[in-house]
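To start, the structure under review is shown below, and the notes come after it.
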């Protein structure tokens, strides 16, 4: 069909009486003037051959024309600028994570074995302590399960000294349990004092890492954030056990200073070895 023979009147009526008709929906007989297109042109400003009209003085186009009102950044760009970046763990952070998980898992294993060995002689002689011993054991078993899960998640092997620590913890539990209630509670006092101190040191290291990363505009990754919250929770429960031990006459154990001193020294040695092997 020859478009030059069409009357302009019907077409003008069509365009004025209906909704706006966009050029990409219009029939091919309508020849709207279009700017030249290029597949390589990525700018949002159409490439007109003539320059755009100068901006109105009351509406400057960019920050250079009106320094007091800089042009706002695009939404995505503003979000990127405001959000701290997350980076993979550094070598030092990976080594800390591995060491912390290994030693913590070993400590919680030892705690469950100590309570397992202590409970029969203590509850037979003092039945009223059965709920307390059960409560403390259940919490230690939960801690052990948590660190076992984290070991598997981050593919960290347990300490090579696990068989030795298992034997030592069972012997310590049976020995203090047979010595009586006060000695068993003194054992809990000594162990939880060292474990609480150990967990506090780990929390301090993680908080320092967090501050350093924040200063660099980085965000602590999920691995270390999860470890920090886990250690804080478990530390608080361990210190609760310490309070229970003192309330149940741990200080009356004979000889208290010698007994707790030897146990604490053994805990420190086991921690040092488990962090490294």
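In full-length UniProt numbering, the protein residues as written are 1 to 277.
Idealized CB from N, CA, C, for every residue including glycine.
It should be emphasised that the depicted structure is a prediction, and the values quoted were computed from it without experimental measurement.
Are the Cβ atoms of residue i and residue j separated by less than 8 Å?
{"i": "residue 190", "j": "residue 260", "result": "yes"}
{"i": "residue 129", "j": "residue 122", "result": "yes"}
{"i": "residue 206", "j": "residue 227", "result": "yes"}
{"i": "residue 247", "j": "residue 87", "result": "no"}
{"i": "residue 165", "j": "residue 253", "result": "no"}
{"i": "residue 271", "j": "residue 198", "result": "yes"}
{"i": "residue 231", "j": "residue 203", "result": "yes"}
{"i": "residue 96", "j": "residue 273", "result": "no"}
{"i": "residue 225", "j": "residue 156", "result": "no"}
Can you name, in chain order, every residue of its own chain whose Cβ lies under 7 Å from the Cβ of residue i, other than the five neighbours on each side?
{"i": "residue 140", "result": "108, 111, 112, 115"}
{"i": "residue 221", "result": "86, 89"}
{"i": "residue 282", "result": "Because the chain in this structure spans residues 1 to 277, residue 282 falls outside the shown range and cannot be described."}
{"i": "residue 264", "result": "190, 193, 194"}
{"i": "residue 256", "result": "186"}
{"i": "residue 277", "result": "159, 160, 161"}
Which residues does DSSP list as the beta-bridge partners of residue i?
{"i": "residue 219", "result": "86"}
So what's residue i in DSSP terms, helix, strand or just coil?
{"i": "residue 250", "result": "helix"}
{"i": "residue 128", "result": "helix"}
{"i": "residue 160", "result": "coil"}
{"i": "residue 154", "result": "coil"}
{"i": "residue 120", "result": "helix"}
{"i": "residue 180", "result": "coil"}
{"i": "residue 203", "result": "helix"}
{"i": "residue 277", "result": "coil"}
{"i": "residue 187", "result": "helix"}
Check the C-beta distance from residue i over to residue j and give it rounded, since I have them as a contact under 8 Å.
{"i": "residue 137", "j": "residue 119", "result": "7 Å"}
{"i": "residue 239", "j": "residue 196", "result": "5 Å"}
{"i": "residue 179", "j": "residue 245", "result": "The pair is not a contact, with the Cβ atoms about 14 Å apart (cut-off 8 Å)."}
Considering only residues of the same chain and omitting the five flanking positions on each side of residue i, which have a CB-CB separation below 8 Å?
{"i": "residue 237", "result": "139, 143"}
{"i": "residue 242", "result": "188, 189, 192, 193, 196"}
{"i": "residue 249", "result": "181, 182, 185"}
{"i": "residue 151", "result": "101, 102, 105, 157, 158"}
Can you name, in chain order, every residue of its own chain whose Cβ lies under 6 Å from the Cβ of residue i, other than the five neighbours on each side?
{"i": "residue 126", "result": "181"}
{"i": "residue 275", "result": "99, 103"}
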